[in-house]
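UniProt numbering puts the sequence shown at residues 1 to 344.
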Amino acid sequence: MKNIKNNSKRDQIEQLLRPISENTPGIIIQARFDDGVIYQAQKGLANISKNQLIDENSVFNLASVSKQFTAFSILLLAKDGKLSLDDSILIYLPELGDYAKAITINDLVSHTSGLIDYMELAFERGVSYTTQLTPEESFSDIVKQTKTYYPIGSKFEYNNTGYFLLSQIIERVSQQPFSVFAQERIFAPLQMNDTFIVEEYPTVNPIVSGYTENEQGNYELSESPWTHTGDGAVHSSANDLMKWGENFSTAKVGGAELIAKMTLPFPNSTREGKPVIDYEAYGFGLFISHALGEISFEHSGGWMGTSTYFMRFPQSKLTIAVLSNRENYNIDLLATEAAKILLN
Numbered sequence: 001m002k003n004i005k006n007n008s009k010r011d012q013i014e015q016l017l018r019p020i021s022e023n024t025p026g027i028i029i030q031a032r033f034d035d036g037v038i039y040q041a042q043k044g045l046a047n048i049s050k051n052q053l054i055d056e057n058s059v060f061n062l063a064s065v066s067k068q069f070t071a072f073s074i075l076l077l078a079k080d081g082k083l084s085l086d087d088s089i090l091i092y093l094p095e096l097g098d099y100a101k102a103i104t105i106n107d108l109v110s111h112t113s114g115l116i117d118y119m120e121l122a123f124e125r126g127v128s129y130t131t132q133l134t135p136e137e138s139f140s141d142i143v144k145q146t147k148t149y150y151p152i153g154s155k156f157e158y159n160n161t162g163y164f165l166l167s168q169i170i171e172r173v174s175q176q177p178f179s180v181f182a183q184e185r186i187f188a189p190l191q192m193n194d195t196f197i198v199e200e201y202p203t204v205n206p207i208v209s210g211y212t213e214n215e216q217g218n219y220e221l222s223e224s225p226w227t228h229t230g231d232g233a234v235h236s237s238a239n240d241l242m243k244w245g246e247n248f249s250t251a252k253v254g255g256a257e258l259i260a261k262m263t264l265p266f267p268n269s270t271r272e273g274k275p276v277i278d279y280e281a282y283g284f285g286l287f288i289s290h291a292l293g294e295i296s297f298e299h300s301g302g303w304m305g306t307s308t309y310f311m312r313f314p315q316s317k318l319t320i321a322v323l324s325n326r327e328n329y330n331i332d333l334l335a336t337e338a339a340k341i342l343l344n
């Protein structure tokens with residue numbers, strides 16, 4: 001622990017990790033106010049075989065917490081004048097059929113495109129999480145589609161295809177790999193030195209080992225060879241996510257207008273004025289919530305061997321990151337409980 005203002009809150013944060021055993025896959029909770037006050041607790045191992053402890057610099061696969069970086073990149077390109085959010089995606093992805101002409105970049109960002117999830121298409125072909133699936137194969141699966149699965153813009157349906165395609169658009173517009181674009185435009189300027197996009201597994205980068213619990217209660221290594229970006233694949237540490245969270249206030253990268261756009265929920269009505277079915281308040285890669293008495297921007301992530309959660313409270317200038325190398329862990333509950341402790 002360091003720079004702690006309130007010992008009672010510190011103790012309560014530590015108690016959240018009481019059920020975690022020291023010699024099992026671990027969890028870190030880090031919360032930071034922009035004035036520098038930090039609350040942190042961690043327990044468990046980053047690597048069981050090496051008996052390596054988790055700490056604030058341990059690098060985790062963020063899974064779907066990655067989506068906000070993809071959406072932020074799209075906004076940077078829009079600010080650069082290289083694309084418009086209302087552009088048809090066919091301008092950048094002409095391989096898709098005419099059925100996709102009415103789909104805009106905004107539709108991909110807001111999960112209202114009507115496109116089927118590329119994961120479902122892969123599973124229909126007999127692919128599993130542990131067998132190889134390349135981005136090229138998934139793009140081919142998407143290109144073969146001939147229709148959307150509901151009218152474009154009519155329904156909110158959380159969808160990985162949209163963010164995978166956004167990464168393809170970023171690469172084509174910027175003419176560089178998404179990993180390079182994000183490094184140059186986001187991670188390096190914010191000094192997020194432990195953050196990067198992994199494009200190949202297994203990776204040589206220093207990241208925590210991911211685990212799943214088997215029927216006997218033992219932990220086994222869990223990792224997928226899939227190499228898609230956009231919907232996931234950003235890897236980061238708790239420390240670096242604090243820097244990212246502070247940018248929502250400082251707007252050092254992107255500027256205040258871009259941050260405001262990113263954190264504004266998409267409309268709850270269609271272009272024709274009808275209610276969006278199953279609407280959820282979603283911005284650019286972030287859910288917008290008022291559940292704890294003030295607005296928050298947040299997102300969960302879950303993938304093989306990883307469970308993650310990110311929260312930003314702009315009014316209190318508070319960032320919370322909860323990262324675990326335990327698969328399917330109830331990480332959102334920990335994040336919410338930590339927020340309740342610190343905001344009350």
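All C-beta atoms, glycine included, are put in the ideal place defined by N, C-alpha and C.
Sub-9 angstroms separation of residue i and residue j beta-carbons
i, j, result
"Gly340", "Leu286", "Position check: residue 340 holds Lys in this sequence, whereas Gly was assumed. Not closer than 9 angstroms, so no."
"Gly232", "Lys67", "yes"
"Ile277", "Ser110", "no"
"Ile28", "Ala338", "no"
"Leu165", "Gly230", "yes"
"Thr131", "Tyr99", "no"
"Phe187", "Phe196", "yes"
"Tyr118", "Ile142", "yes"
"Ser237", "Phe33", "no"
Top-ranked residue by Cα proximity to residue i, from the options
i, options, result
"Asn325", "Ile38, Ile170, Gly302, Thr227", "Gly302"
"Met311", "Thr336, Tyr329, Glu327", "Thr336"
"Thr161", "Gly255, Lys101, Ala63, Phe139", "Phe139"
"Ser307", "Val208, Phe313, Arg271", "Val208"
"Asp11", "Ala41, Ser21, Asp35", "Ala41"
"Asp194", "Glu200, Pro267, Asn205, Pro25", "Asn205"
"Pro265", "Ile91, Lys274, Tyr282", "Tyr282"
"Glu95", "Arg172, Ala71, Glu22, Glu157", "Arg172"
Element boundaries [alpha helix (DSSP H), containing residue i]
i, result
"Arg10", "7-15"
"Gln68", "67-79"
"Leu334", "331-343"
Buried/exposed call for residue i, threshold 16 Cβ in 10 Å
i, result
"Pro189", "exposed"
"Glu298", "buried"
"Asn247", "buried"
"Val180", "exposed"
"Glu56", "buried"
"Met1", "Because Met1 sits at a pLDDT of 41, beneath the cut-off of 50, its placement in the model cannot be relied upon, and the following sentence gives the value as read from the coordinates. Exposed is the call here."
"Thr112", "buried"
"Asp35", "exposed"
"Phe313", "buried"
"Ala256", "exposed"
"Ser8", "exposed"
Bounding residues of the beta strand (DSSP E) (the contiguous stretch that carries residue i)
i, result
"Gln168", "Premise fails: Gln168 lies in the alpha helix (DSSP H), 160-174, not in any beta strand (DSSP E)."
"Ile38", "38-43"
Closer than 9 angstroms to chain D by CB, residue i
i, result
"Phe187", "Any reference to chain D falls outside this structure, which holds one protein chain only."
>> So within the segment 269-316, which uninterrupted beta strand (DSSP E) runs reach at least 3 residues, ignoring any that extend past its ends?
In response: If we require 3 residues or more, the beta strand (DSSP E) runs fully inside the segment 269-316 come out as 287-289, 296-303, 306-313.
>> Could you tell me which whole alpha helix (DSSP H) segments of length 4 or greater appear in the segment 123-150?
In response: As far as the segment 123-150 is concerned, its whole alpha helix (DSSP H) runs of at least 4 residues are 135-143.
> In chain order, which continuous runs of the alpha helix (DSSP H) of length 4 or greater are located wholly inside the segment 205-242?
Replying inline: For the segment 205-242, not a single whole alpha helix (DSSP H) run of length 4 or above is found.
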